[in-house]
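Structure record follows, encoded as structure tokens.
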Amino acid sequence: MRSIRALTCAAAILALAACGREDVPSPTPAGVAAATRIDFAQVANYAAPPLPAYFDGTVAALDNSPASNPGDDRVATLGRVLFHDLRLSTNNRSSCAACHQQRIGFTDPLRFSNGISTAGTTDFHAMRLGNLRYWRPGSAFWDRRMPTAEAQASQPLHSLVEMGWGETAGGIDALLRKMAATAYYPDLFAWAFGSATISEPRIQQALAQFVRAMVSHDSRWDAGYARVFSPTAPNRALDVDLPNFTAQENHGRHLFMTSVDQGGAGCASCHRPPTFALAADARSNGLDAGETRLFKAPSLRSVGLSGPYMHDGRFATLAEVIDFYASGIQDGPALDPRLRDGGAPRRLHLDATDRAALVAFLKTLDDPALTTDPRFGDPFRR
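Numbering-wise, the sequence shown is residues -17 to -1, 1 to 365 according to mature numbering (1 follows the signal peptide of the UniProt record, and there is no 0).
Put into structure tokens, the structure is as follows:
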């Protein structure tokens, strides 16, 4: 893929030597300051934020960040700009953030998202993004069709529905030219990467780093679990009543964490705490009879902030989701073994009290810190 290079590296402004990046504070170029609130002298911490004690080595081992794209605060800051920039669409109407809205857990309240026009919609519901980095296989999209978050990051740019840069619009090269002509991207790329070269691989790196930095760890469940967590306790104290929960929430927590064989619903066997990301070996969940595709699901963090749910948004509420898992799982070649009882799809014996308790527990995973964190908010001066 060809890339667009600015005429200069703005060396005087960015304090770069021979277009090589220097990790020293530098003044924010005028074009960047005019368009955004990014401050080159005050870089947000994306690469190494403080995490709870239970985000220890057990959790770190699930991190899907590749060695080829190590965390870097400047690169992730560039990713923030790219994520929110309407100019990355052909008609300045759509952005990543348009379909992944921070206030509702980086998803879309619509069943299928609009992009550059209301005439077309996406094929799948927009996934929540919190704790994406802890899906160990690292593959992306509901159907796992892209191998990494990097490979996924630029796919919406090529989509005729989402950002519009198909061949009829000049393809990705037309977008790179558009970006190079802005007053801010050459300087941002030079600051992040050491040269003003704007390319699809660099866009992928920056967006993937920004999205992986969306680590959710500040829900009511986290506040309670932090008070009982012990790495040496049985099951890391995951099935201990939490002191800040109601009786109903603790009942739902117990059902979620406890295996079916022990009288629970077994949810945690696929949706692994404390990240609540999908287990690495998970298969599909039996939404449709005869399903052959292997789907993935996002982390359950902030799942209560907005429906609809599932890859096609078929369920409007969490109550409908629980009803499905209790009695609606369909058989097929891709069905996860944990959702089978012998040779048949599993049927959970959950009464109305159990179902309401599970919904109450899921809402304790909502993370108001992530949905308001300025590091992930819109950096543009609108």
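We put the beta carbon where it would ideally sit given N, CA and C, even for glycine.
Other residues of its chain near residue i: CB distance less than 6 Å, five sequence neighbours each side excluded
i, result
"residue 61", "171, 175, 189"
"residue 301", "342, 345"
"residue 117", "45, 258, 260"
"residue 358", "27"
"residue 275", "316, 317"
"residue 242", "249"
"residue 89", "83, 111, 112"
"residue 204", "347, 348"
"residue 123", "129, 132, 135"
"residue 211", "220, 223"
"residue 292", "298, 304"
"residue 236", "344"
"residue 86", "354"
"residue 107", "125, 294"
Cβ shell of residue i (< 8 Å), same chain only, five flanking positions each side left out
i, result
"residue 19", "64, 167, 362, 363, 364"
"residue 8", "23, 24"
"residue 290", "92, 296, 298, 299, 300, 301"
"residue 238", "247, 248, 250, 333, 337, 340, 341, 344"
"residue 209", "35, 36, 37"
"residue 227", "203, 206, 207, 210"
"residue 165", "14, 18, 70"
Assigned secondary structure, residue i (DSSP; H/G/I helix, E/B strand, else coil)
i, result
"residue 97", "strand"
"residue 363", "strand"
"residue 316", "coil"
"residue 307", "helix"
"residue 70", "helix"
"residue 102", "coil"
"residue 84", "strand"
"residue 129", "strand"
"residue 186", "helix"
"residue 23", "coil"
"residue 120", "coil"
"residue 298", "strand"
"residue 2", "Low per-residue confidence applies at residue 2: pLDDT is 42, beneath 50, and the placement is therefore not dependable enough to give any value."
"residue 335", "helix"
"residue 11", "coil"
"residue 90", "strand"
"residue 179", "coil"
"residue 56", "helix"
"residue 350", "coil"
"residue 357", "helix"
"residue 39", "coil"
"residue 112", "coil"
"residue 169", "helix"
"residue 323", "strand"
"residue -14", "Caution applies to residue -14, whose pLDDT of 39 falls short of 50 and renders its modelled position unreliable; the model cannot decide the point."
Neighbourhood of residue i by C-beta distance below 7 Å, restricted to the same chain and skipping five residues each side
i, result
"residue 224", "233"
"residue 157", "148"
"residue 355", "none"
"residue 77", "69, 98, 99, 145, 146"
"residue 196", "29, 59"
"residue 273", "315"
"residue 307", "298"
"residue 126", "276, 278"
"residue 154", "148"
CB-CB length for residue i against residue j, believed under 8 Å
i, j, result
"residue 284", "residue 202", "7 Å"
"residue 184", "residue 131", "Actually they do not touch by this definition, with Cβ atoms about 12 Å apart."
"residue 353", "residue 199", "5 Å"
"residue 95", "residue 104", "4 Å"
"residue 263", "residue 120", "6 Å"
"residue 115", "residue 281", "7 Å"
"residue 331", "residue 309", "5 Å"
Residue i CB to nearest heavy atom of the ligand MG below 8 Å
i, result
"residue 265", "Looking at this structure, you won't find the ligand MG or any other ligand, since it has none at all."
Contact with chain B by residue i, beta-carbon distance below 9 Å
i, result
"residue 173", "Of the protein chains in this structure there is only one, and it is not chain B."
Examine the Cβ distances between the segment 203 to 220 and the segment 317 to 333 and report whether three or more of them are shorter than 8 Å.
-> no
Enumerated in chain order, which unbroken segments of the alpha helix (DSSP H) with a length of 4 residues or greater are wholly contained in the segment 227 to 294?
-> 230 to 240
Touching by the beta-carbon criterion (3+ pairs, under 8 Å), the segment 184 to 201 and the segment 136 to 146 | yes
Tell me, please, whether the segment 35 to 42 touches the segment 73 to 82 by the rule of three or more beta-carbon pairs shorter than 8 Å.
-> no
Cβ contact (3+ pairs, closer than 8 Å) linking the segment 21 to 36 and the segment 45 to 56 | yes
Using 8 Å as the Cβ pair cut-off and three pairs as the minimum, do the segment 312 to 321 and the segment 262 to 274 touch?
-> yes
Which runs of the alpha helix (DSSP H), 4 residues or longer, sit entirely within the segment 189 to 231?
-> 203 to 211
Ordered list of alpha helix (DSSP H) runs contained in the segment 130 to 167, each at least 4 residues = 132 to 136, 138 to 141, 154 to 163
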